[in-house]
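The opening position of the sequence shown corresponds to residue 1 in the numbering used here, with each subsequent residue numbered one higher.
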Amino acid sequence: MSATPLNGKELAASLRASTAAEAARLTAAGSPPRLAVVVATADESSAWYVRSIAKAAAKAGIGCDVVDLGEHAAPDAIRAKLAELSADPGVHGVILQTPLPEGASLEELAGAIAFEKDVDGANPLSLGRLAAGLPAFAPATAEAVVRILEHHRVELTGRHVAVVGRSNVVGKPAAHLLLDKNATVTVCHSRTKDLAAVTSAADVVVAAVGRAGLIGAEHVRAGAVVVDVGTNPTEDGGLTGDVDAASVAERAGALTPVPGGVGPVTTALLLQHTVRAAARR
């Protein structure tokens, strides 16, 4: 068996096209959409991601301001900038990029992002509304997991999904989104006993831990669908996922590639969320 690749590029292209059309409509109406990305790190992988967002935004006709506060920015300075951007009527989406300086917490600072501009679902209010089934922007990476599965017509109703990872950025919100699709969800984490026994019983496995090669063939039953959310930098400057792709591809029925799977869809959704936020205003 060789797993069918669940590529995200086609879906991302479709999302970008519809987003660009809506951005053009808003710009023509005098309300050009604008995204602000607040950065307080010198991490190169983070810098690469921010550059990719800015590049994609430009292609879609969305303004993108990268606000670099420096890797030693104090939490109060970050919070003040987020509040300032939230109050700016010309800004429609605000993202706080991670990692953050020592002493700064995404969970604490994201509350300064106005709910209606929280296009990456980081504000605890957004996460709470998501858990309650109320309208909110979901974290783009978590939403990308579900959108890829739907795009490739992977049935979720009644299926057992094992989510490996419980972060507020991916694991927890992905679990809520999958529950909304009527899946039966098990959330695994570092304290889960016999991880392979749990994941190998699932129809779908979502790997979102940030540990290269954590999920091997022993974690996947024959024919299962595997979504690899991991983006771990390699020594040669590339990226590798949380899944040992070589071994898992011989056992799974379908597998998202890294890169080219969840990543492109995540960026496209951030821009779509920004345009939707602009349209609502």
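A virtual CB, placed ideally from N, CA and C, is assigned to each residue, including glycine.
Element boundaries [alpha helix (DSSP H), containing residue i]
i: Ala3; result: Careful: Ala3 lies outside any alpha helix (DSSP H) and carries neither H nor E.
i: Thr267; result: 262–280
i: Ala217; result: Looking at the DSSP string, Ala217 is not in any alpha helix (DSSP H), and its letter there is neither H nor E.
Residue i and residue j closer than 8 Å at C-beta
i: Val66; j: Val91; result: no
i: Gly253; j: Ala3; result: yes
i: Val248; j: Gly216; result: yes
i: Gly63; j: Leu35; result: yes
i: Val161; j: Val185; result: yes
i: Glu116; j: Ala277; result: yes
The beta strand (DSSP E) enclosing residue i, as first and last residue numbers
i: Leu96; result: 93–96
i: Leu35; result: 34–39
i: Thr283; result: Any property of residue 283 remains undetermined from this structure, which presents the chain solely from 1 to 281.
i: Ala162; result: 160–164
Residue environment, residue i, which counts as buried when at least 16 other CB atoms sit within 10 Å
i: Leu269; result: buried
i: Leu134; result: exposed
i: His219; result: buried
i: Ala87; result: exposed
i: Asp228; result: buried
i: Thr274; result: buried
i: Arg264; result: For clarity, residue 264 is Pro in the given sequence; the question names Arg instead. The residue in question, Pro264, is buried, as its Cβ has 16 or more Cβ neighbours within 10 Å.
i: Thr199; result: buried
i: Thr256; result: buried
Integer-rounded CB distance, given that residue j should sit under 8 Å from residue i
i: Leu130; j: His176; result: 5 Å
i: Ala183; j: Arg159; result: 5 Å
Quiz item: Would you call the stretch 79–87 and the stretch 20–29 in contact, with 3 or more CB pairs under 8 Å?
Solution: no
Quiz item: Do the stretch 158–169 and the stretch 200–215 touch if we need at least three Cβ pairs shorter than 8 Å?
Solution: yes
Quiz prompt | Three or more C-beta pairs below 8 Å linking the stretch 25–45 and the stretch 89–108 | solution = yes
Quiz item: How do the stretch 6–21 and the stretch 254–269 stand: do at least 3 beta-carbon pairs fall below 8 Å, yes or no?
Solution: yes
Exercise. Report yes or no: do three or more beta-carbon pairs, one from the stretch 122–142 and one from the stretch 169–183, lie closer than 8 Å?
Key: yes
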